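What follows is one structure encoded as structure tokens, with my remarks underneath.
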Amino acid sequence: MDDLFFTFPGNPILVMSLVANKTDLDSKREVQNEEGEQYAGENGMFFIETSAKTSHNINDLFHEIAKRLVKACPPRPHRVNLKSETKTGNRRSLCCSG
Numbered sequence: 012m013d014d015l016f017f018t019f020p021g022n023p024i025l026v027m028s029l030v031a032n033k034t035d036l037d038s039k040r041e042v043q044n045e046e047g048e049q050y051a052g053e054n055g056m057f058f059i060e061t062s063a064k065t066s067h068n069i070n071d072l073f074h075e076i077a078k079r080l081v082k083a084c085p086p087r088p089h090r091v092n093l094k095s096e097t098k099t100g101n102r103r104s105l106c107c108s109g
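Read the sequence shown against the numbering used here and you will find it ends at 109, with the numbers running on by one and no gaps.
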């Protein structure tokens, strides 16, 4: 599997996963679960087995990505703009005008 790995330098918000698909074809398995988990852990990824055919773990995959993105993104400061703009001339504001 080493020839499959590549890096994305300089992006701390990147979430990477190693996804083993076609779990519905267990008799044709080429990578054991333990091997996938070990490789993913050693390379900063999470591992999940899925089946697009049966939808097994598809929702869990995207849920895990979303959870990790929320943790990876720095919180944005809450800001309130209190700047007051005054209108000059004969213009009237459409908001709250009677």
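C-beta atoms are modelled at their ideal positions from N, C-alpha and C, and glycine is treated no differently. Just so it is clear, the structure is predicted and the values come from calculations on it, not from any experiment.
Glu41: not part of any alpha helix (DSSP H); DSSP gives it neither H nor E.
Minimum Cα-Cα distance from Ser28 among the listed residues Glu41, Lys39, Ser38 and Tyr50 corresponds to Tyr50. If you compare the alpha carbons of Leu25, Glu53, Asn32 and Lys94 with that of Asn68, the shortest gap goes to Asn32.
When the beta-carbon positions are compared, Ser62 and Asp35 come within less than 7 Å of each other. Beta-bridge partners of Phe58 (DSSP): Leu29. Following the DSSP letters along the chain, one finds His67 in no alpha helix (DSSP H), marked with neither H nor E.
Here the alpha carbons of Ile76 and Arg87 stand approximately 20 Å from one another. Relative to the Cα of Glu45, the nearest Cα in the group Gly55, Lys39, Glu60 and Ser38 belongs to Glu60.
Under the 10 Å beta carbon count, Phe58 is surrounded by 16 or more other beta carbons and is classified as buried.
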